[in-house]
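Working notes, structure below.
Chains as they are written, first to last, in my numbering: chain A, 22 to 920; chain B, 152 to 261.
Right under this line is the structure:
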């Protein structure tokens, strides 16, 4: 071997060279490369030497340098070439079966890829941050016993300082607050989401800054960073850096200078914003008290751990540190106890799919749904593979002579298996190619149909993944037929005896499995559809047809909540008088909350017996209950111009009356000691003001919230209390309604941007994720029906082919087409019935789990299974009859003559 | 035989093999070409051209003597064959013929 002096080139590269290179060329080639390597080493450019060597080794990998004797000229490679040739011929010869197989596999793959892309998108949330493993979001869970739990992933403002100065393990702490603010000056003011972010926000998260001051973009309080999309929106092609934008911070508009532009935030990010200003601006928005408060929550607090630090060490001592800092700050009667102020941390990448931790600013997905969709994608793929398996195994009879011949000529079982597997792999790779292209083309349609927003990102390594999936599919689909065919007994084949085409039970089992998945998917889709319809058609207890709502504004100078609410109502009155002029606008009303959200404010107090009580509060004008046609159980509604109502009257919903234990609610009071002067004047029938996922909760309705505010001990976030105005439009064109609103709004509030929402859309939006899931499964169902029908089509064809003579004889004896149909359908009917019977318990079990997500749900009815059975039976019989008709039309002479 | 015509790079390598006489192995050829034409090339390209030329019968090769350099690997020295010599001459002749026609044609057209 070589005498190694100084540095030798990388061993693995040399080994590779030795492996592929023709030994006759090897020595001098190696020597030449060595010499070049040495030349760089002598110049003291060691890494250049190494990489040049590796590069040259790869560049030398040419046909002319390859070994000609062993590795590439053995029987394995020769047979592979031959096998592929045979595979192409076989596929080409039987075009009907091949196209059924190809189509089935293609559809299966397309479905698998589409669902897979969706699942991948859900799983890849927040994965693009380089330091993702060290970023955590803190949460705060206050627990005062007796169900007095306040659990938030938005945390006090002072947490930022607390984490930074008390925990050496923390490298950085940043906070993030979303606000809605008017942006711009003069006429074109837009309502935008503006975020308050800590100055080192961009050092923790990987939102690349692409223009302007990329080092310290939020140095000044009046600095503004915007996304690329917003740079275009506001400045077009002009250079945005250094431009100013006015943003209304309190009641005045401040100018902000754009210091940097960041790349648009990817879809798979929990944190989504287009405008960020320094968190310092919070000083103008929040009072000094907010900054020192322990119970006030609004920012999300993210910490970046130092490398190798452990999060548990922080969460273990976080509460003690907080309690230590708190001193004698108290909740209720005494000082804070240990266990009452729990601080915890959630990894950044955990946020999107963890529904156990309350929502922050970002919406989260249900991990269950992601899992179910992944499972369905795989199931559909499997039934596509089963198609191939059953068809090829069934067809194997045709090829028994070929197998016999090969065996006589010395083929061993392994070679035969390899040959048949290459056939299925060729087909699978074709299907993969077409399926991938189809997926790519179908994505827009798929998004439109199902309301998802998936897109196709291709990176070079994906090609390997697709290739791998293709081969795996080929292996899965082809292994059973390969085993069956290769297992034929040579002597039997050549003697001309009949061959058993594999264990019939196995094939029947596969067909049953295929039917089972299909029937299961049909039932699932139907049940989900029923539940969605049930939700949409359920009488919610109020009328929301063609109701439009618009958020009013309060005078921003006012600090006290009750004053702001009053000012909102006053503004609403101005708009109301204008809208009243239009005959097509009726039922104008105002209220602090609108339907279609789960964010109605939650209040709590300790009642006379000391029990902790929670309820939700709705502040309305006199028209509200009538506008929505909410029915009264007893007592009366609020009256216009009734001073008493405006001051102190209270209406409860039925649940609240029961919850507070009021036997004769009308005329009595709420059971708390501190409430201001008030009186209950009526009880409404229960109505579903929040989504049907949850039960109806106690609700208190007032015109004046002050007496209630006096008696409560806790308030839990939720939607803004500033009132919204609603009206019903009775004209023919809903677009007209928004036009009127826009016109009158701009005449009334020239400085505010107008907004509107349709209540029915908001209500629908609450079930969006379920509806999307339903649609996704619907797509998978349709595709699986198609795949299963294709399989059935192929199978009946096989059966008929093997019974050509039998059918001919029967026809000669006078059999009618319908009796022939019975003959053919009998076998499949049994399998189908077994599949249907098996599918029932599986469906009931899984769907029951899904339905448990809803407080109001349908019961799974037996009738539904009849429907899905009927669908599958009809589809199956249609497919079978197609071939039967063809088979019975053949003149028996034709089929019997050929011997 | 298909090798009556040779490409530009092949010609260049062939000429260099001839001019280096007894010292023509791949790395030396590479350096020589770099020196004369300042053309930066990959040694693998030289290898592949040399193999092609050998197959066409324009060069032959033999291994050099044992050495302690190059990690102990011997060099493969190339030399021109008769056919190689002839193809160079043919090419040169062809060029010369064409070249000699050039000024006349140019005069006529001006």
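Glycine residues also receive a C-beta, built at the ideal position from the N, C-alpha and C atoms.
Given that residue 921 of chain A touches chain B, what residues does it touch there, using C-beta distances under 9 angstroms?
The structure shown does not extend to residue 921 of chain A, since chain A spans only 22 to 920, so no value can be given for it.
Three-state secondary structure (DSSP) at residue 359 of chain A?
coil
Taking C-beta pairs closer than 8 angstroms, name the residues in chain B that residue 63 of chain A reaches, listed in chain order.
Listed along chain B is no residue with a C-beta nearer than 8 angstroms to that of residue 63 of chain A; the closest approach is about 12 angstroms.
Would residue 681 of chain A and residue 691 of chain A be called neighbours here (beta carbons separated by less than 8 angstroms)?
Their beta carbons are under 8 angstroms apart, which means residue 681 of chain A touches residue 691 of chain A by this criterion.
If I'm right that residue 74 of chain A touches residue 30 of chain A with Cβ under 8 angstroms, what's the distance once you round it to whole angstroms?
4 angstroms
Counting only Cβ pairs nearer than 7 angstroms, list the residues of chain A close to residue 158 of chain B.
Simply none; closest approach about 15 angstroms.
Kindly say whether residue 324 of chain A, judged by its beta-carbon, lies nearer than 8 angstroms to any beta-carbon of chain B.
no
Does residue 83 of chain A come within less than 8 angstroms of chain B when only Cβ atoms are used?
yes
Pair every Cβ in the stretch 560-569 of chain A with every Cβ in the stretch 900-907 of chain A, then say whether three or more of these pairs are closer than 8 angstroms.
The stretch 560-569 of chain A vs the stretch 900-907 of chain A: no contact.
Do you know whose CA, among B/239, B/215, B/244, B/217, lies nearest residue 160 of chain B's CA?
B/239
Pick out whichever of A/596, A/622, A/855, A/802 has its Cα sitting closest to the Cα of residue 128 of chain A.
A/802
Exposed or buried, what is residue 24 of chain A when buried is set at 16 or more other beta-carbons lying within 10 Å of its beta-carbon?
Its pLDDT being 42, under 50, residue 24 of chain A is placed unreliably in this model, and the coordinates cannot settle the point.
Using a beta-carbon distance below 8 angstroms, is residue 168 of chain B in contact with chain A?
Output row for residue 168 of chain B: interface = no.
When the cut-off is 8 angstroms and only beta carbons count, does residue 177 of chain B lie next to chain A?
yes
For the ligand SAH, is there a heavy atom less than 7 angstroms away from the beta-carbon of residue 384 of chain A?
The model depicted lacks the ligand SAH and carries no ligand whatsoever.
State the start and end residues of the unbroken beta strand (DSSP E) segment that holds residue 196 of chain A.
191-204
With DSSP collapsed to three states, give me the class of residue 625 of chain A.
Three-state DSSP puts residue 625 of chain A in a strand.
Assign residue 562 of chain A to one of three DSSP states: helix, strand, or coil.
coil
Are the stretch 628-637 of chain A and the stretch 544-551 of chain A in contact at 8 angstroms, needing three or more beta carbon pairs?
Contact between the stretch 628-637 of chain A and the stretch 544-551 of chain A is absent, with fewer than three C-beta pairs closer than 8 angstroms.
Start and end of the beta strand (DSSP E) containing residue 637 of chain A?
633-640
Go to residue 704 of chain A, then tell me how far its alpha helix (DSSP H) extends in each direction, as first and last residue.
Looking at the DSSP string, residue 704 of chain A is not in any alpha helix (DSSP H); the run it does join, the beta strand (DSSP E), is 700-705.
Rounded to a whole number of angstroms, what is the C-alpha to C-alpha distance between residue 942 of chain A and residue 808 of chain A?
Residue coverage of chain A in this structure runs from 22 to 920, which leaves residue 942 of chain A outside it and unanswerable.
Under 8 angstroms, do residue 453 of chain A and residue 409 of chain A count as touching if we go by C-beta distance?
no
Beta-carbon within less than 8 angstroms of residue 406 of chain A's beta-carbon, same chain only, minus the 5 sequence neighbours each way: which residues are those?
126, 129, 494, 497, 498
Which residues in the same chain as residue 656 of chain A place their Cβ atom closer than 8 angstroms to its Cβ, once the five residues preceding and following it in sequence are excluded?
672, 686, 687, 701, 702, 703, 704
So, at 6 angstroms on beta carbons, what are the nonlocal neighbours of residue 365 of chain A in its own chain, with the 5 sequence-adjacent residues on each side left out?
160, 336
Does the beta carbon of residue 38 of chain A come closer than 8 angstroms to any beta carbon on chain B?
no
With a threshold of 8 angstroms between beta-carbons, can residue 173 of chain B be considered close to chain A, or not?
no
Which residue marks the beginning of the beta strand (DSSP E) containing residue 473 of chain A, and which one marks its end?
Here residue 473 of chain A belongs to no beta strand (DSSP E), and DSSP marks it neither H nor E.
Can you tell me the Cα-Cα spacing of residue 265 of chain A and residue 579 of chain A, whole angstroms?
28 angstroms
May I ask you to list, following chain order, the residues of the stretch 222-233 of chain B that have a beta carbon less than 7 angstroms from some beta carbon of chain A?
222, 223, 224, 225, 226, 227
Which value, in whole angstroms, describes the spacing of the CA atoms of residue 209 of chain B and residue 175 of chain B?
14 angstroms
Any idea what DSSP makes of residue 197 of chain B, helix, strand or coil?
helix
Contact between the stretch 255-265 of chain A and the stretch 278-291 of chain A: three or more CB pairs below 8 angstroms?
yes
May I have the straight-line CA-CA distance separating residue 718 of chain A from residue 749 of chain A, to the nearest angstrom?
26 angstroms
Rounding to the nearest angstrom, what Cα-Cα distance links residue 605 of chain A and residue 752 of chain A in this structure?
When rounded, the distance between both Cα atoms is 5 angstroms.
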